[in-house]
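So the structure is just underneath, and the comments pick up after that.
2 protein chains.
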Amino acid sequence: MRTSIATVCISGTLEQKMLACAKAGFDGIEIFEQDLTVSPMSPEEVLALANRLGLSLDLFQPFRDFEGVDENTFVANLARAEAKFQLMNRLGISTMLLCSNVGTATINDDELFVTQIRALGELAAGYGVKIAYEALAWGTFVNTYGHSWRIVQKVNHPNVGLCLDSFHILSRGDDPAGIAAIPAEKIFFVQLADAPVLSMDILSWSRHYRVFPGEGAFELDAFMGHLVRSGYDGIVSLEIFNDVFRQSNVERTAVDGMRSLIWLQDKTATLLGAGATTYPLGISALPGAQEASGFDYAEIRTEDPEAVAGMLAQLGFSFRGQHRRKPVTLWSAGNARIIINTQRSRGITAEVSGFGIQVPDATLGTMRATALKAPVVPRHHTVGEQPLHGFTAPDATEVFFGTTATEPAWTAEFGDGSALSDTGSITGIDHINLAQPWQAFDESVLFYTSTLNLAARPGTEVPSPMGLVRSQVLRTTDGAVRLALNIVPHGLEGTGDRAPSYPEHIAVHTDDIISLARQAVAAGMEFLPVPNNYYEDLAARFALSGETLVQLQELNLLYDRDEHGEFLHFYTETVGSMFLEVVQRRGGYDGYGAPNAPVRLAAQFERNRLTTY
Amino acid sequence: MRTSIATVCISGTLEQKMLACAKAGFDGIEIFEQDLTVSPMSPEEVLALANRLGLSLDLFQPFRDFEGVDENTFVANLARAEAKFQLMNRLGISTMLLCSNVGTATINDDELFVTQIRALGELAAGYGVKIAYEALAWGTFVNTYGHSWRIVQKVNHPNVGLCLDSFHILSRGDDPAGIAAIPAEKIFFVQLADAPVLSMDILSWSRHYRVFPGEGAFELDAFMGHLVRSGYDGIVSLEIFNDVFRQSNVERTAVDGMRSLIWLQDKTATLLGAGATTYPLGISALPGAQEASGFDYAEIRTEDPEAVAGMLAQLGFSFRGQHRRKPVTLWSAGNARIIINTQRSRGITAEVSGFGIQVPDATLGTMRATALKAPVVPRHHTVGEQPLHGFTAPDATEVFFGTTATEPAWTAEFGDGSALSDTGSITGIDHINLAQPWQAFDESVLFYTSTLNLAARPGTEVPSPMGLVRSQVLRTTDGAVRLALNIVPHGLEGTGDRAPSYPEHIAVHTDDIISLARQAVAAGMEFLPVPNNYYEDLAARFALSGETLVQLQELNLLYDRDEHGEFLHFYTETVGSMFLEVVQRRGGYDGYGAPNAPVRLAAQFERNRLTTY
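Keeping their order, the protein sequence lines are chains F and E. In this text, residue positions in the first sequence follow UniProt numbering: the first is 1, and each later residue adds one. In this text, residue positions in the second sequence follow UniProt numbering: the first is 1, and each later residue adds one.
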């Protein structure tokens, strides 16, 4: 098969779109007619540019509202089609998408559809054009691929075949297994789209909320499996109508789309098992995914390390010394390693700038990320230093792979490498919370899940004084690595790709939060204050002893409980755009204290005078 | 009745919300519990602040998932309720909202609901609290107001009554007429929300897309009419869950909400006819709405008037001279008057800064706008000058009322007031297109429709290289005044309230666009170029003669047709963030050439290198 993408997926002029698609590595593109109509490039210029870029022009689309009409309309429709066939000849495009009629069809008669589509096929044959008939999910009379396939069989014309679109099939809950039984030579084109689970009319869902494979909820690996079993060896093309993608940077969105196909081929290969047909899209196989065993470190960038260092000391972190060559220091407590970096920190009070995860084979992790088009972070290392394998995520976070180890080799590059003496009870990094500009969210989900092999959990929404914050957790199965992505409200995005007005945080876990909190308070730490009203509501919600309540309130601790266990946590004050959280999980509690997040956001809003206007 | 608003509608801390609601003129507020829980203010402090601001605390909400549960849960629920009654006593709030159970109800038995709610009412009575029972549209067992009313009747307790919410009733398509038959003393609370027509699950629709009355599609005047007929004289409160409002400026959103109630009372009064009960919300009556007879003028603000003046001259506008006192010039053609203003223009290349409309009584128009809390534009006039009555719209456009006249009196303040000699065929202003920051859109729709007495037409979406542009027309019945509001894609909003990167325009109409275009070309005007591909598509879509096509293409004219007539139009080049359009309507064509808008946006994107990133 070959990869393609519809020009309607991305922003810019037709020329900008073509350049971006070629650069991202697609084999070809679908020309969405309106992109051509509004372009100053002639069809011949478009073809010449495509040739120069090495892009095939795979499909001309859409041709609408053709079949099931009265005789006068039919004659006019044929004339309209012929003008487009002539245009396609000039573009050198041999396949046209025919959408099932949603507007002008008045006669519900399969025989009439067959007769009219056969006449279209006959006319198309004279121009060397093939018609790929697609059942739109909201087609007036034809809206399932089974129905369009019955019609195509009855048309029985070499120039008429099917277009299969995963959205139109899966959005209706239709079973795609029947695809495997369709003769491959009658499948003229395949379009792929994923989508989140939304209960809305299918047309709005389709036109605004489609996402790239791996960013939604459809089982597209299974869909691809049926396609492979049919023997199909044609074009697989992304056709994504998404309001955000259409407003975003064209090159970046094209890469996001290509990444989704690389990921999908890998998922499909896993599903199908080993064999010659397991890499159906003709993309090189992805190096194997590895389960991360934990965080290697978290990094804070700051112009002035004093405030952050002070907080770490108050929490009982050990100072491990300065890097032998860079203006970077290491702090650790148990398995939690935090790096304070003053490089490239001009104007940055403090921010969560990156993190590392540990995998069995860091080089393999790097190879996989590179194959997924993750942008490499340039990072030098000298003789005797551990190599660093890093990438920049869509939210500008720098992500590195390290090798699984209780004491990573790179820590020897700090201070004198002397033995560690913890003074607190912190055991490791629990999770990292990263702010996402809204236009990067879907891209980030696919980036982190595919490169780090994490799974996306269902999202939540957290009320705050600045608006609703959408939150989604990505994690390993065992919870060793957990990322919480927050889409920040309008006005807090900051400039560029970062969301500096909305604080990000690093959460560490402990076995004894009460003692740790007492120790931190004794060391002079000030926690984010929790209002008295919160504790009164806690008393009404949970049967907690008076003693427990007093202890929680005295230490500004927040509390949550579910059927598996309990969760206690507290927050430090915010420095710049970052803060720290300390959590204790008791029993099988596996959440993040979501009911307490509004309390935290409101307190930060009060303290820091955050404002959206 | 008295006016109120739920704190959940708006952004900020509880204190900021209370200050904004008081300033906007609400009689009281509903305390949304979470706003209190996250607040550092104690209940006593909240009460004291409310007293100082003259706000009543009308409702404590929500209390959820109470009835239809097993005995153990019931006992726990009563304990939870009692804690909240104690809290309400401290707040001085006497009414609690009880939402029908959506989470924990396991037993579908009206008798059980009645027994459990009666016990709650009995417990509430001891605290002087009344329970307002509301059927949520997605309640597990109770989801219609008819059902909740049957339960309240069976409960038959003085402390248990109904809460009626327009969203929960109208979103299900339920008939609100039955409200008139409910005894007023059993209606304990009324909540109002409007909503756009959306086909999605009711819960998502309710939690994210509610809007203030007049900004959606519900017939809330009829709803209010049923309420008036019931004899209800209690509180009418806005309860709007809207993602945008929760992110927007708190004071402005509160005023938007108050405006919606002023507008709604006026609509209700019109529906009910004259009488003592026609102003049910206790707000002073709005001065009568007037049908605008046309545009008085359009105004362009520019630092350097040469470019705009040149375009007007090329289109055959007459220069009418300088204002006798201000750095402002007047140009006219037929009934189209365009003012070029260089006041407060530093850094502005050119923008559409305002417009005037003509009404029978300008003073009455001003009084109505003032009553609708339109912010007044400070504008001085001296002896012998016409008074100006102006307001700033949410999109920062300055809007003025003038008196209906073919030659307005104020034109005498320009030049020598000598007789006008048109050289072109322009007959008047057809429409004005204004860019809207996305967060101001709903507010703008209500502002323009209520202050200028315009009606909102169904919206459309226009594809562009920068993303989808949402467009909505507001107009008088006869089309004498037409505004097209465009929500601009991300990145084009500019700073503050204006959307300067997205061009706005003034469209004038003519009886003979062919001659006018020829004349303008001869005068050296350059039109926005239309791509050749457009004319090829036009030929495929419409049966136009070759001669017509050649003429259209030669003059860069765009064309549209519907069942009523034809539309021809062209665009000038963009200067700053504005351009001009010339249109000719033939026959009964009443649209705006929407199919051509993508061509225009793409050409402007190409010419001006507009970019979103």
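For glycine and all other residues, C-beta sits at the position ideal for the given N, C-alpha and C.
Quick check on the burial criterion: 16 or more other C-beta atoms within 10 angstroms. Buried or exposed for F:Ala-307? As a working mapping, residue 307 of chain F is identified with position 307 in the first sequence. Label assigned to F:Ala-307: exposed.
Compute the Euclidean distance between the alpha carbons of F:Ala-132 and F:Thr-115, then round it to the nearest angstrom. One-based indexing of the first sequence puts residue 132 of chain F at position 132. One-based indexing of the first sequence puts residue 115 of chain F at position 115. Approximately 16 Å between the Cα atoms of the pair.
Distance, Cα to Cα, F:His-389 vs E:Gln-34? Stepping through the first sequence from its first residue, residue 389 of chain F is reached at position 389. Stepping through the second sequence from its first residue, residue 34 of chain E is reached at position 34. So the two alpha carbons sit approximately 45 Å from each other.
Could you check the C-alpha separation between E:Leu-474 and E:Pro-196 for me, to the nearest Å? The count along the second sequence starts at 1 and reaches residue 474 of chain E at position 474. The count along the second sequence starts at 1 and reaches residue 196 of chain E at position 196. So the two alpha carbons sit approximately 16 Å from each other.
For the beta strand (DSSP E) containing F:Lys-17, list its first residue and its last residue. Reading the first sequence from its first residue, position 17 is the one you call residue 17 of chain F. Unbroken run through F:Lys-17 is the alpha helix (DSSP H), 14-24; no beta strand (DSSP E).
Work out the CA separation of F:Gly-334 and residue 621 of chain F for me, nearest whole Å. No statement about residue 621 of chain F is possible, as the shown extent of chain F runs from 1 to 613 and does not include it.
Once the 5 residues before and after E:Thr-7 are set aside, which same chain residues still bring their CB inside 7 Å of it? Residue 7 of chain E sits at position 7 when you count from the first residue of the second sequence. Closer than 7 Å at Cβ, skipping near neighbours: Leu-14, Lys-17, Ile-29, Glu-30, Ile-31, Phe-32 and Asp-35.
State the DSSP-derived secondary structure class of F:Phe-188, mapped to helix, strand or coil. Indexing the first sequence from 1 puts residue 188 of chain F at position 188. In this structure, F:Phe-188 counts as strand in the three-state DSSP scheme.
Contacts that E:Arg-561 makes with chain F (C-beta to C-beta distance below 7 Å): Looking up residue 561 of chain E in the second sequence gives position 561. Result: empty, since nearest Cβ-Cβ is about 14 Å, beyond 7 Å.
Whose CA, out of E:Val-377, E:Thr-404 and E:Ile-240, lies closest to the CA of E:Phe-391? On the second sequence, residue 391 of chain E is found 391 positions in, with the first residue counted as 1. Nearest C-alpha to E:Phe-391: E:Val-377.
Given a threshold of 16 other Cβ atoms within 10 Å of its Cβ, counted over all protein chains shown, does E:Val-152 qualify as buried or as exposed? As a position in the second sequence, residue 152 of chain E is number 152, starting the count at 1. That one is buried.
I'd like the span of the beta strand (DSSP E) that includes F:Phe-319, first residue to last. Here residue 319 of chain F refers to the residue found at position 319 of the first sequence. Element bounds for F:Phe-319: 318-322.
I'd like to know whether the C-beta of E:Val-197 is nearer than 7 Å to at least one C-beta of chain F. Position 197 of the second sequence, counted from the start, is the residue given in the question as residue 197 of chain E. So no, E:Val-197 is outside the interface.
Mind checking which residues open and close the beta strand (DSSP E) that includes E:Thr-510? Sequence index remark: in the second sequence, residue 510 of chain E carries index 510 (1-based). First-last of the beta strand (DSSP E) with E:Thr-510: 504-510.
Closest Cβ-Cβ distance between F:Tyr-209 and chain E: below 7 Å? Stepping through the first sequence from its first residue, residue 209 of chain F is reached at position 209. Chain E contact via Cβ: absent.
Closest by CA to F:Ala-285, which one among F:Ile-300, F:Asp-296 and F:Lys-267? In the first sequence, residue 285 of chain F corresponds to position 285, counting from 1. F:Ala-285 has its Cα closest to that of F:Lys-267, out of F:Ile-300, F:Asp-296 and F:Lys-267.
If I follow the unbroken beta strand (DSSP E) through F:Tyr-232, where does it start and stop? Along the first sequence, one-based indexing puts residue 232 of chain F at 232. Looking at the DSSP string, F:Tyr-232 is not in any beta strand (DSSP E), and its letter there is neither H nor E.
Is the CB of residue 617 of chain E under 7 Å away from at least one CB in chain F? Within the shown structure, residues of chain E are numbered from 1 to 613, placing residue 617 of chain E beyond reach of any answer.
Use the C-beta contact count for E:Ser-545: other C-beta atoms within 10 angstroms, 16 or more gives buried, fewer gives exposed. Your numbering for residue 545 of chain E matches position 545 in the second sequence. E:Ser-545 should be labelled exposed.
Under 7 Å Cβ-Cβ, which residues of chain F neighbour E:Ser-11? Start at 1 with the first residue of the second sequence, and residue 11 of chain E comes out as number 11. Going along chain F in sequence order, the residues near E:Ser-11 (Cβ under 7 Å) are Pro-465, Met-466, Gly-467 and Thr-612.
How many angstroms separate the CA atom of F:Glu-219 from the CA atom of F:Glu-45? Taking the first sequence and counting its residues from 1, the one referred to as residue 219 of chain F is at position 219. Taking the first sequence and counting its residues from 1, the one referred to as residue 45 of chain F is at position 45. Those two C-alpha atoms are separated by around 39 Å.
Can you name, in chain order, every residue of its own chain whose Cβ lies under 6 Å from the Cβ of F:Pro-394, other than the five neighbours on each side? Working through the first sequence from its first residue, we reach residue 394 of chain F at position 394. Answer for F:Pro-394: Ala-440, Glu-443, Ser-444 and Phe-447, listed in chain order.
Once you ignore the five residues that flank E:Ile-93 on each side, which residues in its own chain have a CB closer than 6 Å to its CB? Position 93 of the second sequence holds residue 93 of chain E. Around E:Ile-93: Leu-57 and Phe-60.
For F:Glu-291, the three-state DSSP class (helix, strand or coil): On the first sequence, residue 291 of chain F is found 291 positions in, with the first residue counted as 1. Coil, per DSSP.
Straight-line Cα distance separating E:Leu-78 from E:Asp-70: By 1-based counting over the second sequence, the position of residue 70 of chain E is 70. By 1-based counting over the second sequence, the position of residue 78 of chain E is 78. Taking the straight line from one Cα to the other gives about 12 Å.
Should F:Val-599 be flagged as near chain E, meaning a C-beta pair shorter than 7 Å? One-based indexing of the first sequence puts residue 599 of chain F at position 599. Yes, contact with chain E.
6 Å Cβ shell around F:Gly-496 - same chain, five flanking residues per side excluded: Taking the first residue of the first sequence as position 1, residue 496 of chain F is located at position 496. No answer about F:Gly-496 holds up, because its pLDDT of 44 lies below 50 and its placement is not dependable.
Hey, does E:Leu-36 have any beta-carbon neighbour from chain F nearer than 7 Å? On the second sequence, residue 36 of chain E is found 36 positions in, with the first residue counted as 1. Output row for E:Leu-36: interface = yes.
Count the other CB atoms, across all protein chains shown, that sit within 10 Å of the CB of residue 660 of chain E; report buried if there are 16 or more and exposed otherwise. With chain E represented from 1 up to 613, any question about residue 660 of chain E goes unanswered, as that position is not in the structure.
3-residue-minimum beta strand (DSSP E) runs that sit fully inside the region 576-602 of chain E, ordered along the chain: 578-587
Same chain, Cβ closer than 7 Å to E:Ala-180, five either side skipped, listed in chain order: Start at 1 with the first residue of the second sequence, and residue 180 of chain E comes out as number 180. Cβ within range, chain order: His-226, Arg-229 and Ser-230.
Mind checking if F:Ala-124 is an interface residue toward chain E, Cβ cutoff 7 Å exclusive? Counted from its first residue, the first sequence places residue 124 of chain F at position 124. So, not an interface residue.
Can you check whether the C-beta of F:Ala-594 is within less than 7 Å of a C-beta belonging to chain E? Here residue 594 of chain F is taken as the residue at index 594 of the first sequence, counted from 1. Chain E contact via Cβ: absent.
E:Ala-244 versus E:Gly-257, E:Gly-234, E:His-208 and E:Leu-272, residue with shortest Cα-Cα distance: In the second sequence, residue 244 of chain E corresponds to position 244, counting from 1. The sequence shown places Val at residue 244 of chain E, rather than the Ala named in the question. Checking every option, the nearest Cα to that of E:Val-244 belongs to E:His-208.
Tell me whether the beta-carbon of F:Tyr-271 lies closer than 7 Å to the beta-carbon of F:Leu-238. In the first sequence, residue 271 of chain F corresponds to position 271, counting from 1. In the first sequence, residue 238 of chain F corresponds to position 238, counting from 1. For the sequence presented, residue 271 of chain F should be read as Leu rather than Tyr. No, Cβ-Cβ distance for F:Leu-271 and F:Leu-238 is not below 7 Å.
Could you work out which residue in F:Leu-452, F:Gly-316, F:Gly-282 and F:Trp-438 is closest to F:Pro-360 when comparing CA atoms only? In the first sequence, residue 360 of chain F corresponds to position 360, counting from 1. For F:Pro-360, the nearest C-alpha among the options comes from F:Leu-452.
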